[in-house]
Amino acid sequence: MEQFNMPLQLLVSGLAIGSIYALVALGFVLTYVSVNVVNFAQGDFTMMGAFVAFTLVAGGGLPVWAGLLIGIVIIGGIGYLFQLSVYRPFVKRNKAFLPVMISTLGASMIIQNIFLIIYGPYPQKLSPLFSKETIKVGEIVISVQYLAILCCAVLLLVLQYLLFEKTRLGKMMQATAQDPTTAKLMGIKVTSMQALTFIYSAALGGTAGILVAPVFMINHTMGAIIGLKAFAASIVGGLGDVKGAIFGGLMIGVIETFAAAYISGPYKDGFAFLFLIIFLIFRPYGIFGEKVGTKA
């Protein structure tokens, strides 16, 4: 029975961590399809979310739920400032894809060093969101924090589906992503929709960081690691596909967790990228990506 319970516990943990990667990967995908940019600072919104929540709860003495909500709003605002300072200046100068992408990479380095100066090199830890650490379902012992992460991630994914498929705002965001020129001719404020995409993507990353803050140690480089795995997830799923980002994130989370338990814990970060390399050898365009033919 114990041999049966262990994989189930690992599966729950893997899906919880994978859902964090999925949320950050969604930020990559939404930014890519909306403004045709791979935002390599997306993972840093996760780090900022964790630090903001830590400051509000541990330093400011706010209740946990208030710190979470305020933290999400703050990171969304940072996402708006990010697009004004990093993305918009290059667009106004009609710069191509590569310079904008490199600018996000440079912004990532700057953000990490700013938070290193503010908080120092020593890791921090947010108190658990719940007083009870585990619950027992039959013979299976499940971490309450991991279960909360999984439930929150599922809720956010459902809300995103409703936003994009059932609301006028979601339709406008999709129209802007598919064809900005046509969307502008139809009266959609393309600039506003693109700014909203950055706000929403940053909020997703910040939410992921807040959820994972009680589980991971918070430091200025945590976002870079999570961001790289989330980017790998978006590639596995097919860059530009929302359901691919979700599926890829869950896959990498589960594979990483099982590999850490049964192969090697210290090298768990490498398994995600090993999986990415092997996967791309056999399906370079991702699970839900389309094979594109070219003619010379």
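First residue of the sequence shown? That's 79 in this note's numbering, and the numbers climb one at a time after it.
Each residue gets a CB set at the ideal place from its N, CA and C atoms; glycine is no exception.
Output the boundary residues of the alpha helix (DSSP H) element that contains residue i.
i    : result
I156 : 142-160
V130 : 120-132
V116 : Unbroken run through V116: none, as it is neither H nor E.
P258 : 258-263
How would you write the range of the beta strand (DSSP E) that residue i sits in, first residue to last?
i    : result
S221 : 218-221
Is residue i helix, strand or coil when you go by DSSP?
i    : result
T212 : strand
Q190 : helix
V370 : Confidence in V370 is poor, its pLDDT being 46 and thus under 50, which makes the residue's placement unreliable; the coordinate value appears in the next sentence. Coil at V370, not helix or strand.
I180 : helix
I196 : helix
I365 : coil
Can residue i and residue j be called in contact, C-beta distance under 8 Å?
i    : j    : result
V293 : F357 : no
L204 : A281 : no
G121 : V332 : no
Y99  : I304 : yes
I296 : Q87  : no
L234 : T275 : no
Let's test the definition: count the other Cβ atoms within 10 Å of the Cβ of residue i and tell me whether it reaches 16, buried, or not, exposed.
i    : result
F82  : The pLDDT assigned to F82 is 48, lower than 50, so where the model puts this residue is not dependable; a value taken from the coordinates is nonetheless given after this. So F82 ends up on the exposed side.
F106 : buried
C230 : buried
Q256 : exposed
E211 : exposed
M125 : buried
K307 : buried
S312 : buried
A302 : buried
N117 : buried
Worksheet entry | Ordered list of alpha helix (DSSP H) runs contained in the segment 286-359, each at least 4 residues | Those alpha helix (DSSP H) runs which fall completely within the segment 286-359 and span 4+ residues are 300-315, 320-340.
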